[in-house]
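A.B. asks: Sharing a structure here in structure tokens format.
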Amino acid sequence: MKRSEMKGRVLNSMYIVLPSYSVNEGIARGAVAAFCAQLNPTASELGDIKCALSEAVTNSIVHAYRDTIGDIYITVDLLENSVVKMKIKDKGCGIDDVKCARTPLYTTDRAGERSGMGFTVMESFTDAMRVTSKSGKGTTVVLYKKIVSRNI
Ligand SMILES: Nc1ncnc2c1ncn2[C@@H]1O[C@H](COP(=O)(O)OP(=O)(O)OP(=O)(O)O)[C@@H](O)[C@H]1O
Ligand SMILES: [Mg+2]
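Below you can see the structure in the form of structure tokens.
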């Protein structure tokens, strides 16, 4: 995706804040899907958006706020040229080494429940991904997805 497309004018936007209860992963997914429906995405495009969003929100729930409950801040902007920009932010534990965390199969989970593929899924199901984090302060993931316009 071109850099200029990632900085397009905001045509519509949505902001939701949800506490990190597991049930809110599905609620976030549904809300974002409803917002994106205005672009008339294909089932595949919408599936990609929901999947990527879900991985980011799940990370905030299970990693950022592992032993506590905190707020997850989700902003979805609809940009020019049918670009969806999703920002998922938490004020949790943060990531020491983002480059390492983005590596496929890397996980800090010791219970064997996680596969370390979340960031890889986010990256492959979207057109661009930005991750910024500060240890002890929190993490922000920004995902861009271009919806190919089509006639109804
Ligand atoms: N929001 C976050 N806050 C703190 N740490 C995070 C956050 N997101 C990811 N991480 C760290 O990055 C690692 C890699 O994340 P990723 O989503 O790729 O894998 P995973 O969550 O461990 O496994 P999976 O997503 O496949 O269930 C995590 O194990 C965790 O240590
Ligand atoms: Mg994950």
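Mapping of the sequence shown onto this note's numbering: position 5 corresponds to residue 1325, and the numbering continues sequentially without gaps.
Glycine residues also receive a C-beta, built at the ideal position from the N, C-alpha and C atoms.
1) If you compare alpha carbons, which of Leu1366, Ile1415, Val1343, Ile1336 is closest to serine 1402?
2) By the DSSP assignment, the beta strand (DSSP E) with methionine 1321 in it spans what residues?
3) Let me confirm a value: methionine 1327 is counted as buried when at least 16 other C-beta atoms fall within 10 Å, else exposed. Which label applies?
4) With DSSP run on the structure shown, which of helix, strand or coil describes valine 1461?
5) CB-CB under 6 angstroms to tyrosine 1393, same chain, minus the five flanking residues each way: which ones, in chain order?
6) Once you ignore the five residues that flank aspartate 1447 on each side, which residues in its own chain have a CB closer than 7 angstroms to its CB?
7) Just verifying my parser: in three-state terms, what is the DSSP assignment at aspartate 1417?
8) Would you identify the three-state DSSP class for lysine 1405, choosing helix, strand or coil?
9) Can you tell me whether isoleucine 1467 is helix, strand or coil according to DSSP?
10) At which residues does the beta strand (DSSP E) containing threonine 1446 begin and terminate?
11) So valine 1377 is in the beta strand (DSSP E); what residue range does that whole segment cover?
12) Would the beta-carbon of methionine 1442 fall within 8 angstroms of that of proline 1424?
C.D. replies: With the structure as the only source:
1) Leu1366
2) Segment: none, methionine 1321 is in no beta strand (DSSP E) and carries neither H nor E.
3) The question names methionine, but residue 1327 is lysine in the sequence shown. Exposed.
4) strand
5) Val1337, Lys1409
6) Met1321, Tyr1464, Lys1465, Lys1466
7) coil
8) strand
9) coil
10) Where threonine 1446 is concerned, there is no enclosing beta strand (DSSP E), given that its DSSP letter is neither H nor E.
11) It is not in any beta strand (DSSP E) - valine 1377 instead sits in the alpha helix (DSSP H) that spans 1363-1379.
12) no
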